[in-house]
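First the structure, in the form of structure tokens, and then the observations on it.
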Amino acid sequence: MDGADNDLRLIAVMRRYFAVKEELAGLKSSLEERRKAAGIAVGEFYHVRTENEHADDVSRTVTLRREMEILMSLAEGWSRGDIIQLGPSAN
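This is the structure in structure tokens:
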């Protein structure tokens, strides 16, 4: 693979990173608005093991953060000269 192809992969990684970052920010904002409106304490609201209507969204924030970490790791590897291997979630 030549450098230009790897650079294009970095662009794809960073586009996905910023898309995930935007989704996460919106989700966090929505969750926090709902928490405040319900008057629920932070620890209780964000505890995913309790039966609450927000558990899926809270779990989604964790998934998005993990994806951001993976994407940033790929970008950091690129800066060291690594070849970016794109999986389905990074496209």
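Under the UniProt record's numbering, the first residue of the sequence shown is numbered 1, with each subsequent residue one higher. Every residue gets a Cβ at the ideal spot worked out from N, C-alpha and C, and that includes glycine.
| request: Tell me where the alpha helix (DSSP H) around N6 begins and ends. | output: Counting along the chain, the alpha helix (DSSP H) containing N6 begins and ends at 3-38.
| said: Pop quiz: I84 and L10 are said to be a contact at Cβ under 8 Å. What is the actual Cβ separation, rounded to whole angstroms? | reply: Their Cβ separation, rounded to whole angstroms, is 6 Å, which keeps I84 and L10 in contact under 8 Å.
| For G81, which three-state DSSP category applies? | DSSP places G81 in coil when its eight states are reduced to three.
| field | L71 and R16 closer than 7 Å at C-beta | value | Yes.
| task | Report whether the distance from the Cβ of E53 to the nearest heavy atom of the ligand SAH is below 6 Å. | result | Ligands in the displayed structure: none, and consequently the ligand SAH is not present.
| request: Excluding the 5 residues preceding and the 5 following A38 in the sequence, name in chain order all residues of the same chain whose CB lies nearer than 8 Å to its CB. | output: So the list reads F45, once near-sequence residues are dropped.
| Can you name, in chain order, every residue of its own chain whose Cβ lies under 8 Å from the Cβ of L24, other than the five neighbours on each side? | Closer than 8 Å at Cβ, skipping near neighbours: T61, L64, R65, M68.
| task | Determine the burial state of V20: buried for a count of at least 16 other Cβ atoms within 10 Å of its Cβ, exposed for fewer. | result | By the 10 Å Cβ count, V20 comes out buried.
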